[in-house]
Amino acid sequence: MKRSVVKAYILKEFTELFRSKLIIMVYLMPSMIMLLFGYGIHMEVTHARTLIIDNDQSHFSRMLTAKFEHSTYFNAEVTLMSETEALHRIKQAKADIIVIIPSSFEKRLLHGQKSEIGVFVDGAFPNRGMTMESYVQGVILDTAQQIGGTLGKRGGMITVNSRNLFNQAMRDEDAIVPGLIGLVLLVAPAILSALMIVKEKERGTIFNFYASPLGRGEFLAAKLIPGFLLHSLNIFILFLWATELFGVPFRGSFWLYWLAAEIYILISLSIGMLISVITKQQIVAVVLTIIITIIPGFLYSGILMPISSMAGESYIEAHLFPVMYFNHIVYDSFLAGTGLASAKTVEYLGILILYAVIFLTLGTFLLKKELK
Amino acid sequence: MSRIFWVVFGKETLSFLRSIGLVAAVLYSFTADIYIAGKGIQITPRNVKIGYVDDTGGGISQKILSRLHKPEFLPPRRFKSQEALSRAIFDKEILVGILFDQDFEKDFRQGKKAQLNLLLDATAASQSFTTLGYLQNIVMDFSRPNFPVVIKSHKLFNQNADNHSFMALTEMLSVITLLIVILTAVVFVREKEEGTWDIMLLMPVNPKLIILAKSLSQVMIVMAGVLLALGFVIFGAFDTPMNGSFWAFMLLTFFYSFSSAGIGLFVAAVSKSTMQVAQLSIVIMMPLIFLSGAWTPIYAMHPVLQFLSLFSPLRYYIEGSESIFFRGTDLIDLWPYFGGVLLLGVLLYWYGFRKIGKLF
Amino acid sequence: MSDLKVNKVTVSYKKQTGIKEASLQAQSGEIIGFIGADGAGKSSLMHAIAGVIRFEGEISYFGHNYHSPREAEKIKPHTGLMPQGIGLVLYETLTVAEHLSFFANIRGLRQDAAFRAYQEKLLHMAGLSDFTDRQAGKLSGGMMQKLSLICTLLHRPKLLILDEPTTGVDPLSRLELWEILDTIRKEEGTIIVVSTAYMQEAAKMDRVLLFDGGEIIARGTVPELTESVRAYTFEAGACPEKEDVESDCFTFDRRSYSLDPLSVPRAEPTLEALFFVNALRTKRAIPKIEIDARESKMEIPESVMEARGLTKRFGNFTANDHIDMRLRGGDIVGLLGANGTGKTTFMKMLLGLYPIDEGELTLLGKSIRSSADRQELKAKIGYVSQHFALYKDMTVRENLIYFANMHHIPVATAIKRINRYAHELGFDAYMDHSPNELPLGINQRFSVAASLLHEPVILFLDEPTSGVDTIARAQFWEMLHRLKASWGISILITTHYMSEAEYCNRVVLMRQGRKIADDTVEKLYAEHPDAENFEEIFLSYYRDEI
C-alpha cells in the first residue's frame, strides 16, 4: 500500500467535500436528527385531552373529576355532552379520552352495589393508547381506594415503589438519546460513502482509478478514510449534545464508547460502500441507503423495545443488524457503566469488529477495476 | 394538449421502469421495508422477563406472581438475593425485578401500607413505562378492597393495541413521503443535468403542462407502490382493519403525493445536481416527518413547533390517514386534511413553475 | 521486435462486438492514429490496450504480455489513458493546480525541482499557467481537454492512449495540444495511440489505421493511404445523375469520389477521400439527401433575428459584451471563436435560456421582452445543444418519437420523417440503441434530426459536428444547404472545423465576449490574401491581437 497515493486521494476527497458543500451535510444531518428526535419523541403522555361526562354531579364523582383535573397527565374538561357527541370528538381527533360517570354513581356505591365507569381511549396510536389507559385506571383505582377509606372499608393496601435502574427519573432523554447515537452513526456515514464512489462512476472520473496502478484496497481506503475522519468528530459532537444538552448521565468508560463508535462508523461506511459497488446511479444509492439503514437503525436500536422481548423473525433480524450490538455498548456506557467487566460487552465488541472485517473484505472483493 | 400530457407521462413511467435499480429500491421500500417495520415492534409488554426475591412466607407474593402470566410475562424466575437480581438486570437477562421483603405480607395482613419494591431496567423506556403501568394496575387490582367500582375500558379503533398495523402504516406514510420527494426531484434535476430541460422549455408546449405530467407520473408510481403495500403488507400480512373508506384514503394519498411532489419540484428547482438533491431532500424531510405528529402529538409540542407543523403536508396526511384507518372518520370531517394538503401543494407548484417552468 | 504488440484483440459487449481480431504494432516514439466512422471500434481497442476492459487476444508491451485487465495492472505505471468526453476525468471542484498535484500523487511521483520544472513546462505549453487557481468546472471545453492531457502526461507515460482528445477543442487549442504531443514523443520516446475526427491532424501521425465496422481495414502512412485512393478522387461536380442507384459516386468539399472513372481530371486526394472510397467500396449506401418541400407554407421575414447590444454578465465577468448580429432569411451564419469566448452563452440568450442583461432582441419580426413573447415562436425554432441533450434511458427511436410528439406532429408523419432522417444521416442501424451506448458522433446526428422534426424557420446549432466523422459531416452540410434551398431556413451555427466556415454565407468571429469580425467568407479571404484556408484566417485574428 503506497501511503502517499492514498494521502493524495484523501486530500482530493476532502477538497471536493468542502467545495461541494457536502461537508455541511456531514455535520448538519447527525445533529439535526439528534435534536429533532431527542426533543421530539416522548414516551410519556402528558396533557391528554380528557372529556369527563359527569352524569352524577355528586361528592364522589367530584372527587374523581378533581383527581383528573389536578393531574398533569390530563387536560380534563368536565362536560355534560352526550356520549355520541363525545365519541364524535374523538373521531375528529379533538379528544383522546372520555370518562363517563354513571348517574347513580354515589348512590350505588353507598348501597354497596356495583357501579360502572365507562372509559374510552383513542387507540389509534397504540403506544399512547396503552399508556393513557393505564393512567386512567390508576387514577380511578386510586380514587376508589380513597372512597373506600372514607367509607371505613379498610383492607390491606399495597403501594408500588419502583426503582428504575439506570434511569431513575424515567427521563425520556436518558432512554432515547443514547439510542439515537447508534441510529445517526449508522445512517450518516453510510450515505456519505455510498455517494462518494457512485459519484465517480456517474461522472466518469472512475477512469482515473481504472487506468492508474492504484490498487483496489488503496482506492477503497482513500474513499473510506475521509468519511471515517469526519464522522469521528461526530462521535464527540453527539456525545456533547447527549451529556450537555440533554443531560444524559455518562457512567461508563469514555474510551470504550469511543472505540466502539469508531468501529461502528467503519461498519456504516462499509455498508454504504457495498451499496455503491453494486449501484450505478447516485440516486439509487441514496434511496437504498436510507431505506436499508434508517428502519433497522430505529427498530433494532432498543429505543422502543428491548431486544429480549422480541420474538421470532424480529429477534433474528435484530441480531443480524449491527446496530443492536453497538447500542448495547452505548447504553451501558451512558447509563449503567459496567463496561468491559460484563462479558456481554466484550462479546458484542468482538462481533462489531467481525462485522467491520467482513464488510470491508466483501467490498474489496466486489469492486471491479474494469469497465462493464 | 392532453396528448402531450400523456406522452410525457408515459415517457417518465417508461424511464422509471427501465431503471432496474430504482424499481428494485421502490419495490423493497413498499414491501419488505414496511413489513420489517411492522413486524419489529410490539409496544404492549410481551415475553417480559421477570425475576423476584421472596423473603416472605409466600402467600400473597405467590398470589401476585400468579397474575403475571403469558403472553405479557414469562414465568417469573426466583433469585436468592437482591444482588443476584440486580446483576441479572445489568446483564439484561431480566427486565423487571420484584422484591418482597419480610414485612410485606405482615403489613398487608395487618391492613397497613405494604410496600412492594420494583427494580426496573429503564433503558428501554417505552416498554418499561407500559410494563410499570401494567404491574401497578395488577397490584392495585389485587389489593383493591372489596369495593364495587368496575372500570369498563375501551380502546377505541384498536382494541388490542395492535402495534404491528400502526407501525406498518406509519412506515408506509414515511416511505411515500421519502420516495415521492426524491423521485420527483431526481426526474427534474436529471433533466437539468443532462440539458434536456432546456430542450423541453423550447418546445411549443406550456412547460407547466410538462411539469404536471412529470409529477403525475411519479405520483402514479408511488400510488402503485401504495396499492402493493396495502395489498401485501397492510391488509395482507398485518390484517389491519379499515374503519373508514378505502377510496377516501386513496384520494387523500393522491392529493398528498401530488403536493409532496411539489416539494420535490422545489428541491430540484434550487439544486444543480443529484448530489445536492440527495442532501437537500434529507435535510427537508427529517423535520417534515418530525413535525408531522408521527412521533409525538402536535398539541404536545413546543408552540413554535406547533406553528411550523402547519407547513408540513405530512401532518395533514398522517392525521387524515389515521382518522380514516382507525377512527373511521366520515369524508365530510376530513376536509381540513384535504384542504391543508391542497393549499401547500398549490404554493409549492407555484414556486416551481416560476423557478424552472419558463424561458426568460 | 515491436515495443507494443496487439495480437488479435476482440472486445465484445452484450449486444454487439466492439472490435474484432485487431492487431497492430508500434515502436517507441511513434504516433499511431485511429480514424474511422463513429462506432467503428476505435474506443474499444483503446480501452483494451489501456487494460480497462475485458478482451480476448494478447497484448504485449515491452515483453509484458497481458490478456485481461488484471494482468494489465503491471503496465499501468507506464501508461496514460485519456478517455473520450470533455473533461471526463476532471473533478469539477478541484483547481488546475490541485489536479496536477493529485495526478502526480496517485502516480507516486517525487515532486522535486525537476518535476516542478516539467510541470511548469506542461502548464506553459497548455497555456494554463495563468489559470492554476481556477476550478475545472469553470474552464472552457478546450482548457479542460488540455488540462486532462497534461494530467495524463505528468508521470511521463511510455504508452499514451488518447481517445479523441481534440473533439470540441478550438483550432488554436488544438494546435497547442499537438505541439505538446509532438514534444513529448520526441523527448520521452512515448508511443502515442490517438484517435481523431479532424483529418488535418492525421498528417501529424506516423501511421494511420482506418477502422470500419469493428475491424481495421487499412493501415499505413498518410501518403500511402492517400495514394491508395488517388485513382478514385476527381474534381467536383462530375457525378452522373442516376435515378435508381443511390451511391456509386459522391461529391464533397470540392471533390468527387467514384470507383468508376469519371470524365473529369483527377484531384489531389486527402485523408477524407479514404472514408468516401471505403464507403463506396463496401457498397454502403451513402444516402442521397432529399428535402421535401415544407408541408406548411410560411412567410419568411427579411430579417429573422436581430440582436442589438446584447450583453450577459455572470457576476463580474462579462460573457457577452454588447453584441450586434443579424440573421436574414435563408442565411447560414457561422459563429466562430476559441473555447470560452461566449458563443454558447450568446445562443442561449437568443433562445431565452439565459435572461438578457442588456440590449434588444427581435425574433421573426417580434420584439422579445418577456417569456410570453417567445411562446408562439417556439414552434418555429430548432436548437441543438452542445451536450446532445438526449434521454439516456430511451432508445434513439423513442427519443425522436417523443420529441415529435412534443411538437404536435401527427404520428404517421413523425415516423415517416424520423425514418427519412435516420437514413439520410446514417444512424438507422442504431435506432434501437440507447444514446449512452453510442459514440458521440451518432448522438450528435440524431439530436440534429430531433431539431428538424418540426421543420423550423430558424435553426440554432451549437457545435453540431464536433466529433462527427467525415462522411456524416459531409451529409450534414449537404442537408443544411438543401434545407436552406427548399425551406428558406436560416441557420446560426458554431463549429470548430474551420473548413466548415466556408459553407457559411457569413462568419462572425468572437473573442473574449466581443465580436471581432462579421463578414462574408469571400471578403474575409480577400482581406487575408496570404491565407491558404480558413483556419489561417481564424488564427490570424487571434494571433494579431494577443
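Protein sequence lines, in the order shown, are assigned to chains A, H and R.
Heads up: the first sequence begins at 267 in the working numbering, then just goes up one per residue.
Heads up: the second sequence begins at 93 in the working numbering, then just goes up one per residue.
Heads up: the third sequence begins at 49 in the working numbering, then just goes up one per residue.
Just so it is clear, CB atoms sit at the ideal spot from N, CA and C, and this is done for glycine as well.
Inset, instruction - State the DSSP-derived secondary structure class of K360 (chain R), mapped to helix, strand or coil. - result: strand
Legend entry - Bridge partner(s) assigned by DSSP for C297 (chain R): R:S306
Legend entry - Buried versus exposed call for P395 (chain H) [16 or more other C-beta atoms within 10 Å across all chains shown]: Per the 10 Å Cβ criterion, exposed.
Legend entry - Buried versus exposed call for W226 (chain R) [16 or more other C-beta atoms within 10 Å across all chains shown]: Buried, because 16 or more other Cβ atoms sit within 10 Å of the Cβ of W226 (chain R).
Legend entry - Closest Cα partner of T238 (chain R) within the set R:T513, R:E283, R:P219 and R:T127: R:T127
Legend entry - R282 (chain H) burial status per 10 Å Cβ neighbour count (16 or more: buried): buried
Legend entry - the region 115-132 of chain H in contact with the region 311-329 of chain H per 3-pair CB rule at 8 Å: yes
Legend entry - Residues of the region 289-311 of chain H whose Cβ lies closer than 9 Å to any Cβ of chain R, in chain order: W289, D290, I291, M292, L293, L294, M295, P296, V297, N298 and I302: these are the residues of the region 289-311 of chain H whose beta carbon lies less than 9 Å from some beta carbon of chain R, given in chain order.
Inset, instruction - Quick one: grab the DSSP three-state call for I594 (chain R). - result: With a pLDDT of only 47 at I594 (chain R), under 50, the local geometry of the prediction cannot be trusted, and no value is derived from it.
Legend entry - DSSP state of D195 (chain H) mapped onto helix, strand, coil: D195 (chain H) carries a helical assignment under DSSP once its states are collapsed to helix, strand and coil.
Inset, instruction - Give the single residue among R:P458, R:A522, R:Y589 and R:K90 whose Cα lies nearest to the Cα of F324 (chain R). - result: R:A522
Legend entry - Listed by chain order, chain R residues near I96 (chain H) by CB distance under 9 Å: N453, M454 and H456
Legend entry - Inter-stretch contact at 8 Å, needing at least 3 Cβ pairs: the region 368-375 of chain A / the region 312-319 of chain A: Using a C-beta cut-off of 8 Å, the region 368-375 of chain A makes no contact with the region 312-319 of chain A, since fewer than three inter-stretch Cβ pairs fall below that distance.
Inset, instruction - Identify whether S188 (chain R) lies in helix, strand or coil by the three-state DSSP scheme. - result: coil
Legend entry - Cβ contact check for the region 173-182 of chain R and the region 207-219 of chain R: 3 or more pairs under 8 Å: no
Legend entry - Through-space distance from A427 (chain R) to R493 (chain R), alpha-carbon basis: 21 Å
Inset, instruction - Could you tell me which chain R residues have their CB closer than 7 Å to the CB of S270 (chain A), listed as they occur along the chain? - result: Below the 7 Å Cβ cutoff, chain R contributes N153 and G156 as neighbours of S270 (chain A), in chain order.
Inset, instruction - Would you mind reading off the limits of the alpha helix (DSSP H) that contains G354 (chain H)? - result: F338 to V362
Inset, instruction - Find the nearest neighbour of S286 (chain A) within the set R:G185, R:S71 and R:A96, judged by alpha-carbon distance. - result: R:G185
Inset, instruction - Using a Cβ cut-off of 8 Å (strictly closer), state whether V293 (chain R) contacts chain A. - result: A caution first: V293 (chain R) carries a pLDDT of 49, below 50, which makes its placement in the model unreliable, though a value can still be read off. Chain A, which has no Cβ nearer than 8 Å to the Cβ of V293 (chain R), makes this no.
Legend entry - Whole-angstrom distance between K489 (chain A) and K278 (chain A), CA atom to CA atom: 10 Å
Legend entry - Backbone CA spacing between L224 (chain H) and Y621 (chain A) [nearest angstrom]: 36 Å
Legend entry - Short-range partners of chain R found in the region 347-366 of chain H, where Cβ spacing is below 7 Å: none
Legend entry - Residues in the region 380-404 of chain A having any Cβ partner in chain H nearer than 8 Å: K380, S381, E382, I383, G384, V385, F386, V387, D388, G389, A390, F391, P392, N393, R394, G395, M396, T397, E399, S400, Y401, V402, Q403 and G404
Inset, instruction - Could you give the DSSP three-state label for K63 (chain R): helix, strand or coil? - result: coil
Legend entry - Euclidean distance between Cα positions of E406 (chain R) and G363 (chain R): 14 Å
Inset, instruction - Would you mind telling me which residues of chain A sit closer than 9 Å to P213 (chain R), beta carbon to beta carbon, in chain order? - result: Ordered by position in chain A, no residue passes the 9 Å Cβ test against P213 (chain R), which lies about 14 Å from the chain.
Inset, instruction - Check whether the Cβ atoms of L383 (chain R) and M353 (chain R) lie closer than 8 Å to each other. - result: L383 (chain R) places its beta carbon 8 Å or farther from that of M353 (chain R).
Legend entry - Of the listed residues A:P296, A:K273, A:V623 and A:L632, nearest to A454 (chain A) (C-alpha basis): A:P296
Legend entry - Contact residues within the region 461-491 of chain A, judged by C-beta distance below 7 Å to chain R: G470, T471, F473, N474, Y476, A477, S478, P479 and L480
Inset, instruction - For D292 (chain R), I'd like the list of residues in its chain whose CB is within less than 8 Å of its CB, leaving aside the five on either flank, ordered along the chain. - result: Reliability of the predicted coordinates at D292 (chain R) is poor, the pLDDT of 47 falling under 50, and the value obtained from them is presented with this limitation in mind. None.
Inset, instruction - Would you verify that the beta carbon of R233 (chain R) is, or is not, closer than 8 Å to some beta carbon of chain H? - result: No, no contact with chain H.
Inset, instruction - Pull up the CB-CB distance for L106 (chain H) and M442 (chain R), whole angstroms please, since I reckon it's below 8 Å. - result: 7 Å
Inset, instruction - State the start and end residues of the unbroken alpha helix (DSSP H) segment that holds T518 (chain R). - result: Unbroken alpha helix (DSSP H) run through T518 (chain R): T518 to W535.
Inset, instruction - For Y275 (chain A), go through chain R and note every residue whose CB falls closer than 7 Å to its CB, in chain order. - result: I154
Legend entry - Contacting residues, own chain, Cβ-Cβ under 8 Å from S121 (chain H) (five flanking each side not counted): V267, L270, L271 and G317
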